[in-house]
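Count along the sequence shown starting at 1, add 44, and that's the number in our numbering. Just below is one structure, and these are the notes that go with it.
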Amino acid sequence: MARRFRLALACSLLACISLSSPHAAFAQEGEEIMALPSSRDELSDRLTEAGMSAAGVAAIVKVARDGIVLDTKPADETALPLGSSKVGGLPDLPKGVAWPMRPVYENAVELAEQFTADAANFYADAGVVPPWVPEAEGRAFADERKRANEEARAAALKVMKDAGAEVSEADLANATGLPADVAVKAAVEQKLLAETVIKPFPLPFVAQVDLAALAGEPGFDKALPTTGRLLFFYDMPVLPASYEPRGKAGWKLVYDDTPKAELERKPLPKELSDFPGAASLKAAAISPRSVVTTVPVGDSGWDTVGEISGDDTSIYSQWLFSLGWPTAAEGGNHQLGGWPRAIQTGMQAMSQLAANGLYAGDTSAFETEQGKRLLADAKDWRLVLQIGTDEATGYPFPGALYVLMSEEDLAARNFDKAWVVYEQD
Numbered sequence: 045m046a047r048r049f050r051l052a053l054a055c056s057l058l059a060c061i062s063l064s065s066p067h068a069a070f071a072q073e074g075e076e077i078m079a080l081p082s083s084r085d086e087l088s089d090r091l092t093e094a095g096m097s098a099a100g101v102a103a104i105v106k107v108a109r110d111g112i113v114l115d116t117k118p119a120d121e122t123a124l125p126l127g128s129s130k131v132g133g134l135p136d137l138p139k140g141v142a143w144p145m146r147p148v149y150e151n152a153v154e155l156a157e158q159f160t161a162d163a164a165n166f167y168a169d170a171g172v173v174p175p176w177v178p179e180a181e182g183r184a185f186a187d188e189r190k191r192a193n194e195e196a197r198a199a200a201l202k203v204m205k206d207a208g209a210e211v212s213e214a215d216l217a218n219a220t221g222l223p224a225d226v227a228v229k230a231a232v233e234q235k236l237l238a239e240t241v242i243k244p245f246p247l248p249f250v251a252q253v254d255l256a257a258l259a260g261e262p263g264f265d266k267a268l269p270t271t272g273r274l275l276f277f278y279d280m281p282v283l284p285a286s287y288e289p290r291g292k293a294g295w296k297l298v299y300d301d302t303p304k305a306e307l308e309r310k311p312l313p314k315e316l317s318d319f320p321g322a323a324s325l326k327a328a329a330i331s332p333r334s335v336v337t338t339v340p341v342g343d344s345g346w347d348t349v350g351e352i353s354g355d356d357t358s359i360y361s362q363w364l365f366s367l368g369w370p371t372a373a374e375g376g377n378h379q380l381g382g383w384p385r386a387i388q389t390g391m392q393a394m395s396q397l398a399a400n401g402l403y404a405g406d407t408s409a410f411e412t413e414q415g416k417r418l419l420a421d422a423k424d425w426r427l428v429l430q431i432g433t434d435e436a437t438g439y440p441f442p443g444a445l446y447v448l449m450s451e452e453d454l455a456a457r458n459f460d461k462a463w464v465v466y467e468q469d
């Protein structure tokens, strides 16, 4: 969760600075968030109403994919049948099968150093000397940290005032800082993470999808199995980097077709129940809602659209905003199959590179011959499951998790080759 804390703090500053940008204005004032269309006819009508040409509408509708929105509501898990669809709670696995564990991260030493540094920063932000640092050294570090934070806020304040924003230094400090008790709590969590990444650890359970029960829904993605169930586990405390090949240790997508009578609900491992941060989700029952999903702009799948005018592309891009992102407070943020509701761009390309051993955190891999060869097939990665903001489960992230697989691996049922991308707005 270290990157989540750092991103949240950085985004607080950036959000304040960017209030005058068109995108920020849209996010603030916005338009009414519309539900995903339930049919291709509805999709066609809505795109036409948005102003797209007949040719542009036809191009988008042609590559649309069926999907199922997984609406949720809080549930008493004891009332949920074994093997039924749910987000959060406890997994239903075959008798004798243990709760999935992740191995030690290959870059565990690097991660441990990063988490320890983050812990020190949070302690310093709270005005507390990190317990493992000598008093004099720790006090000097805390003072320097305070000075750097004040300089950063002063610079941000100047930019905002130059842009005409009415904000005081106190307002900015409140918007970008953490209360001392919250900072100390974050520091404790980061230090514990430094200790857990260097050893095997249970993977938090995120969702279970009963494919057999959903296969009859109109929106069921025909690329998915029609029997059994999918179980998704993800290292929520660590939030493994999607662009890093070594991040794969931090998740597991399980396909299981064991008869439900032979399942048992696994108890929460002590390591997860004792963890001070978000290491488990509350159980929520799922209600399926069939939808028609459309291709994101700016990813490899856009190539499947074919010829489309610049005006139509611009109108379509704005129309996508009307659907919102899978972080909406209104819910409806989980999805099985179809095209993802992408918050950022490039998840297919990132998955293709990272899954094949190339670091995708910058542009270097994109420019290599190997990278270019791999990217030719990036469009073949497709969404299996999307998990977004959900008050019912206590989902801890300001973004969404996208579970993707290549069409070849999905057809071969190689679920161990799934890749997970995290995006936030």
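Where is the CB? At the ideal position from N, CA and C, for every residue including glycine. Keep in mind it's a predicted model, so treat the numbers as computed, not measured.
Mind checking who residue i pairs with in its DSSP beta bridge?
{"i": "residue 145", "result": "246"}
{"i": "residue 449", "result": "426"}
{"i": "residue 330", "result": "116"}
{"i": "residue 252", "result": "130 and 275"}
{"i": "residue 14", "result": "Missing from the structure shown is residue 14; the chain here goes from 45 to 469 and no further."}
{"i": "residue 431", "result": "445"}
{"i": "residue 388", "result": "DSSP, once it has assigned bridges, lists no residue as partnering residue 388."}
{"i": "residue 167", "result": "According to DSSP, residue 167 bridges with nothing at all."}
{"i": "residue 337", "result": "109"}
{"i": "residue 464", "result": "447"}
{"i": "residue 379", "result": "113 and 430"}
Taking residue i as part of the beta strand (DSSP E), name the residues at either end of that continuous run.
{"i": "residue 117", "result": "109-118"}
{"i": "residue 172", "result": "That residue, residue 172, is in no beta strand (DSSP E); it is neither H nor E in DSSP."}
{"i": "residue 457", "result": "That residue, residue 457, is in no beta strand (DSSP E); it is neither H nor E in DSSP."}
{"i": "residue 322", "result": "Premise fails: residue 322 is in no beta strand (DSSP E) and is neither H nor E."}
{"i": "residue 77", "result": "Counting along the chain, residue 77 falls outside any beta strand (DSSP E), and DSSP gives it neither H nor E."}
{"i": "residue 300", "result": "295-300"}
Let's see if you can read the secondary structure: which residues bound the alpha helix (DSSP H) around residue i?
{"i": "residue 360", "result": "354-365"}
{"i": "residue 282", "result": "From DSSP, residue 282 is part of no alpha helix (DSSP H); its letter is neither H nor E."}
{"i": "residue 121", "result": "Note, residue 121: premise wrong, no alpha helix (DSSP H); not H, not E."}
{"i": "residue 308", "result": "No alpha helix (DSSP H) holds residue 308; the beta strand (DSSP E) holding it covers 307-309."}
{"i": "residue 89", "result": "84-94"}
{"i": "residue 136", "result": "No alpha helix (DSSP H) holds residue 136; the beta strand (DSSP E) holding it covers 136-138."}
{"i": "residue 240", "result": "224-240"}
{"i": "residue 183", "result": "179-206"}
{"i": "residue 416", "result": "413-419"}
Here's a check: name, in chain order, each residue in its chain whose Cβ is nearer than 6 Å to the Cβ of residue i, leaving out the five neighbours to either side.
{"i": "residue 47", "result": "In this predicted model, residue 47 has a pLDDT of only 47, less than 50, meaning its place in the structure is not dependable enough to derive any value."}
{"i": "residue 437", "result": "131, 132, 325, 326 and 328"}
{"i": "residue 136", "result": "126, 127, 307 and 309"}
{"i": "residue 70", "result": "Low per-residue confidence applies at residue 70: pLDDT is 40, beneath 50, and the placement is therefore not dependable enough to give any value."}
{"i": "residue 235", "result": "163"}
{"i": "residue 100", "result": "352 and 356"}
{"i": "residue 152", "result": "241 and 242"}
{"i": "residue 463", "result": "395, 399 and 448"}
{"i": "residue 405", "result": "287"}
Hey, out of the options, whose CA is closest to residue i's CA?
{"i": "residue 407", "options": "399, 400 and 416", "result": "416"}
{"i": "residue 226", "options": "163, 104, 287 and 373", "result": "163"}
{"i": "residue 429", "options": "252, 123 and 306", "result": "252"}
{"i": "residue 363", "options": "198, 194 and 93", "result": "93"}
{"i": "residue 268", "options": "189, 109 and 77", "result": "109"}
{"i": "residue 78", "options": "468, 435 and 370", "result": "370"}
{"i": "residue 229", "options": "184, 356, 166 and 171", "result": "166"}
{"i": "residue 291", "options": "190, 154 and 349", "result": "154"}
{"i": "residue 145", "options": "463, 316 and 113", "result": "316"}
{"i": "residue 348", "options": "194, 426, 368 and 385", "result": "426"}
{"i": "residue 112", "options": "82, 442 and 152", "result": "82"}
{"i": "residue 442", "options": "451, 322, 107 and 103", "result": "322"}
{"i": "residue 80", "options": "367, 389, 231 and 434", "result": "367"}
{"i": "residue 91", "options": "297, 365, 434 and 170", "result": "365"}
{"i": "residue 114", "options": "381, 196 and 195", "result": "381"}
{"i": "residue 76", "options": "374, 459, 358 and 223", "result": "374"}
{"i": "residue 160", "options": "172, 169, 176 and 185", "result": "176"}
Among the residues of its own chain, which have a CB less than 8 Å from the CB of residue i, if the five just before and after it don't count?
{"i": "residue 250", "result": "131, 132, 276, 277, 278, 280, 325, 431 and 445"}
{"i": "residue 465", "result": "286, 391, 394, 395, 445, 446 and 448"}
{"i": "residue 147", "result": "244 and 293"}
{"i": "residue 456", "result": "none"}
{"i": "residue 52", "result": "Any reading at residue 52 is ruled out, since the residue's pLDDT is 38, under 50, leaving its predicted position unreliable."}
Within its chain, find whatever has a CB closer than 7 Å to the CB of residue i; leave out the 5 residues flanking it on each side and keep chain order.
{"i": "residue 74", "result": "The predicted position of residue 74 is uncertain, since its pLDDT is 48 and thus under 50; a value taken from the coordinates is nonetheless stated next. Answer for residue 74: no residue qualifies."}
{"i": "residue 271", "result": "255, 256 and 301"}
{"i": "residue 296", "result": "144, 247 and 277"}
{"i": "residue 84", "result": "105, 108 and 336"}
{"i": "residue 67", "result": "A caution first: residue 67 carries a pLDDT of 37, below 50, which makes its placement in the model too unreliable to give a value."}
Taking 8 Å as the CB-CB cut-off, is residue i touching chain D?
{"i": "residue 223", "result": "Absent here is chain D; the protein component of the structure consists of one chain."}
When the Cβ atoms of the stretch 309-320 are set against those of the stretch 235-247, are three or more pairs found closer than 8 Å? Short answer: they touch.
Below 8 Å, can you find three or more Cβ-Cβ pairs linking the stretch 413-429 to the stretch 395-403? In short, these stretches touch, since the Cβ pair count reaches three.
Given 8 Å, three or more beta-carbon pairs between the stretch 337-346 and the stretch 139-154: No contact exists between the stretch 337-346 and the stretch 139-154.
Closer than 8 Å is the cut-off here; do at least three beta carbon pairs connect the stretch 258-265 with the stretch 331-340? Contact between the stretch 258-265 and the stretch 331-340 is established, with three or more Cβ pairs separated by less than 8 Å.
The stretch 229-240 in contact with the stretch 298-307 per 3-pair CB rule at 8 Å: Using a C-beta cut-off of 8 Å, the stretch 229-240 makes no contact with the stretch 298-307, since fewer than three inter-stretch Cβ pairs fall below that distance.
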